[in-house]
Structure formats: structure tokens, C-alpha cells
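Chemist: Per the numbering used here, residue 277 is the first one in the sequence shown, and the count goes up by one each step. Got a structure here, written out as C-alpha cells. Questions coming.
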Amino acid sequence: MQTVQESIYDHPVYYDLIFGSDWAAETKFLTAAFAKHVQGKTKRLLEPACGTGRLLYRMIKAGYACSGLDLNPKAIEFCNKRLKRHGIKPTAFVADMCNFQIDKPCDAGFNTINSFRHLSSEQLAVKHLKAMAQAIRPGGIYALGFHLTPLVGPTTDEESWTARRGHLQVNTQMWPRDKDPKARVERFNIRFDIYRPTGSMRIDDCLVLRSYTYKQFDSLVKKVPEWTIEAAYDFSYDIQEPIEIDESTEDVVYILKRQK
Ligand SMILES: C[S@@+](CC[C@H](N)C(=O)[O-])C[C@H]1O[C@@H](n2cnc3c(N)ncnc32)[C@H](O)[C@@H]1O
């Protein structure tokens with residue numbers, strides 16, 4: 277099989293297929309979280325690191341005014357093309373989630389599946405939370421979903437799954453390459469095996485993610501007083517079941533509340 281070493285984010289068609297399947301549970305949860313945790317009405321949304329817009333598109337379909345930004349121009353092009361194809365104004369733009377501006381503050385923001393952990397330092401994470409504080413009005417929320425490093429118990433490190441659309445099939449595998457808890461750097465190999473009637477190919481990539489224990493995340497949030505932790509949920513996305521974070525917590529969606 278032909279193998280290329282490339283960023284999976286440069287392949288939005290395959291990315292969107294592989295990571296697209298959970299959108300229904302995620303959008304249902306986000307809608308419920310806005311209703312429960314935002315003070316006042318939720319109309320305007322922002323998704324930093326929106327990628328292909330697999331969620332952004334659905335939130336617009338659900339009736340929200342939603343815009344998004346991402347560092348990767350190929351993902352943004354894919355996202356805006358899909359919006360246009362469905363007669364929707366293209367609202368995604370290329371930008372860094374640490375340094376962007378929008379015209380009018382939003383009621384809520386969301387950022388899922390570890391994108392936030394791409395920010396490689398405390399300084400960048402603080403910059404991002406400050407930029408989001410500019411973008412979300414007081415009383416609004418920021419739903420931030422990612423994996424914490426549990427202090428006790430096992431971690432879920434290896435994953436593999438398959439997705440199909442028409443004649444396209446993508447098998448994916450993700451497994452740890454190395455972890456440096458002191459430097460707070462975790463590297464994961466990720467592989468897409470792509471099968472089409474015309475042939476197959478493999479994309480190999482390495483995702484570099486910053487690690488957070490719950491204490492490290494608490495300490496980060498305290499550096500940006502515009503935000504407080506209002507609630508937390510896990511990846512079962514059940515709005516009736518907020519979780520208490522403890523030393524064994526791994527998957528978490530924090531609901532950060534924008535203070536006055
Ligand atoms: C795991 S994907 C998630 C995409 C999307 N949120 C989703 O749920 O499918 C991570 C995304 O973060 C983007 N990204 C990484 N660093 C970024 C930064 N500094 N600013 C904006 N986007 C960034 C990548 O380009 C990629 O599209």
C-alpha cells in the first residue's frame with residue numbers, strides 16, 4: 277500500500293468521515309448544555325478549531341448562528357464548501373485560536389475532542405482562554421471537551437475503528453508513541469488506511485498533545501478570571517449526569533462560565 281507521512285488535518289474528506297459519526301450525541305448535548313448553563317438566550321455560537329465543521333454545520337442546521345475558525349485552510353475550505361452546498365452562508369475562517377477577533381460577542385463557544393490540547397504551552401492556553409473571553413459575552417459558556425491524564429487507574433490509549441461512505445472505507449488506528457509527563461507532552465501515532473474501488477493508500481501522522489491533570493487544568497483556569505468552572509460532564513454526553521472530577525477522571529467536557 278502506498279504510504280504518505282502527512283497531517284490528517286490536510287485530508288478533510290477522510291477526517292470528516294472518521295470523526296464524523298458522533299455528531300448527533302455531541303450536538304444534542306451541546307444544545308442541552310446551552311439551555312441549562314447559559315444565562316439568557318443562546319443564539320450566536322463560536323467553534324474555535326472547528327476543523328471540517330462537522331459540528332458547526334449541524335449547529336447551524338439546528339437553528340444557531342454559528343461561526344468557526346481553524347488554523348488549517350484545507351479544513352476551512354471543506355467546511356465552507358459544505359455550508360455553501362446546503363445554501364448556508366460560509367462562516368468559517370482561517371485563524372489561530374490564540375489570536376483572533378470577531379465582530380460581535382457570542383453567547384457560547386464549544387471545542388471538542390482534544391483540539392485544545394494542540395496548544396503546546398501554558399502561555400498559549402492562557403492566550404486562548406483570554407481570546408475566548410473576548411469572544412463570549414458575560415453569562416455565556418465555553419464547552420471544552422478533552423482527555424485529562426488520570427492520576428490513578430488505567431488510561432485509554434489505543435483505539436481503532438472503521439467508517440464507510442459509499443465506496444469509501446477508512447480504517448483508523450491511534451496508539452501512543454511516547455509520553456513525557458514532566459514536559460507535559462504526549463505523542464500519538466495515528467494511521468488512516470483508505471480503501472476505494474480505484475486503490476488504497478495509508479496516511480501516517482503523529483499528533484502532539486499537551487497533557488493536563490485536573491489540577492493543572494484548575495490552575496490554568498484560575499489564571500484567566502473571566503472564566504470559572506461551572507460544571508463537568510463525561511463523553512457519555514448526558515446532560516442529566518454532571519460528573520464530580522476526581523483523580524481517576526479521564527474524558528471530560530468542562531462547562532466554563534464567562535464571568536462579568
Ligand atoms: C481534532 S481536530 C477537531 C476539529 C473539530 N473541532 C471537530 O470536532 O471535528 C483539531 C483541529 O484543531 C486545529 N488546530 C490546531 N491548532 C490550532 C490553533 N492554534 N488554532 C486553530 N485551530 C487549530 C487543527 O487544524 C484541527 O482542525
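Ideal Cβ placement from N, Cα and C applies to all residues, glycine included.
Across the segment 426-446 and the segment 343-359, are there enough close Cβ pairs to call them in contact, namely three or more that are closer than 8 Å?
Modeler: With a cut-off of 8 Å, the segment 343-359 and the segment 426-446 do not count as touching, because too few Cβ pairs lie within range.
Chemist: Who's in the neighbourhood of ligand 1, going by beta-carbon under 7 Å from any heavy atom, listed in chain order?
Modeler: Listed along the chain, these residues meet the criterion: TYR285, PHE295, GLU323, PRO324, ALA325, CYS326, GLY327, THR328, ARG330, LEU331, LEU345, ASP346, LEU347, ASN348, ALA351, ALA371, ASP372, MET373, CYS374, ASN387, THR388, ILE389, ASN390, SER391, HIS394 and LEU395.
Chemist: Which class does LEU260 belong to by DSSP, given the choice of helix, strand or coil?
Modeler: Lying before the first or after the last residue shown, residue 260 is absent from the chain, which here runs from 277 to 536.
Chemist: Give me the DSSP bridge partner(s) of SER436.
Modeler: Working through the sequence shown from its first residue, we reach residue 436 at position 160. Note: SER436 sits in a beta bridge opposite GLN449.
Chemist: Please work out which residues of its chain come closer than 8 Å, Cβ to Cβ, to ALA301, disregarding the five sequence neighbours upstream and downstream, and give them in chain order.
Modeler: As a working note, residue 301 is residue 25 in the sequence shown. The residues are TYR513.
Chemist: Under the rule that 16 or more other beta-carbon atoms within 10 Å means buried, what is GLU323, buried or exposed?
Modeler: Taking the sequence shown and counting its residues from 1, one reaches residue 323 at position 47. With 16 or more other Cβ atoms within 10 Å, it is buried.
Chemist: Based on Cα-Cα distance, which residue from LEU405, LYS350 and SER396 lies nearest to LYS533?
Modeler: For the purposes of this step, residue 533 is taken as the residue at position 257 of the sequence shown. Per the Cα distances, LEU405.
Chemist: On a Cα-Cα basis, can you pick out the residue from LEU444, LEU347 and LEU306 that is closest to ILE531?
Modeler: If you number the sequence shown from 1, residue 531 lands on position 255. Looking at the Cα atoms, LEU306 is the closest of the given residues.
Chemist: Alpha carbon to alpha carbon, how far is GLY329 from GLY344?
Modeler: As a first step, residue 329 is located in the sequence shown; it is residue number 53 there, counting from the start. As a first step, residue 344 is located in the sequence shown; it is residue number 68 there, counting from the start. GLY329 and GLY344: Cα-Cα distance of roughly 8 Å.
Chemist: If you drop the 5 nearest sequence neighbours on each side, which residues of the same chain put their C-beta closer than 6 Å to that of ARG413?
Modeler: On the sequence shown, residue 413 is found 137 positions in, with the first residue counted as 1. Hits under 6 Å: PRO381.
Chemist: Taking the alpha-carbon positions, what's the LEU485 to ASN390 distance?
Modeler: Along the sequence shown, one-based indexing puts residue 485 at 209. Along the sequence shown, one-based indexing puts residue 390 at 114. Taking the straight line from one Cα to the other gives about 8 Å.
Chemist: Is it buried or exposed for PRO473, if we count other Cβ within 10 angstroms and need 16 for buried?
Modeler: By 1-based counting over the sequence shown, the position of residue 473 is 197. Answer is exposed; the Cβ neighbour count stays below 16.
Chemist: Quick one: is GLN453 buried, meaning 16 or more other Cβ sit within 10 Å of its Cβ, or exposed?
Modeler: To locate residue 453, count along the sequence shown from 1; it is residue 177. The question names Gln, but residue 453 in the sequence shown is Arg. Per the 10 Å Cβ criterion, exposed.
Chemist: What first and last residue would you give for the beta strand (DSSP E) that runs through ARG460?
Modeler: Here residue 460 refers to the residue found at position 184 of the sequence shown. Segment: none, ARG460 is in no beta strand (DSSP E) and carries neither H nor E.
Chemist: Assuming TYR260 and LYS319 make a contact with CB atoms under 8 Å, what is their CB distance in whole Å?
Modeler: What the structure shows of the chain is the stretch from 277 to 536, and residue 260 is not part of that stretch, so it cannot be assessed.
Chemist: Skipping 5 residues on each side, what residues in its chain have a beta carbon closer than 6 Å to that of ARG393?
Modeler: Taking the sequence shown and counting its residues from 1, the one referred to as residue 393 is at position 117. For ARG393, where only same-chain residues beyond five positions count, the Cβ hits under 6 Å are PHE422, LEU485 and ARG486.
Chemist: Using CA atoms only, rank isn't needed, just tell me which of TRP451, SER476, ASP456 and LYS455 is closest to ARG467.
Modeler: Here residue 467 is taken as the residue at index 191 of the sequence shown, counted from 1. Minimum Cα distance to ARG467 is reached at TRP451.
Chemist: What residues in its chain sit with their C-beta under 7 Å from that of ALA351, if we drop five residues either side in the sequence?
Modeler: Here residue 351 corresponds to residue number 75 of the sequence shown, with the count starting at 1. The residues are TYR285, PRO288, GLY327 and THR328.
Chemist: Going by other Cβ atoms of all chains shown within 10 Å of its Cβ, with 16 needed for buried, is THR388 buried or exposed?
Modeler: Residue numbering aside, residue 388 sits at position 112 when the sequence shown is read from its first letter. So THR388 ends up on the buried side.
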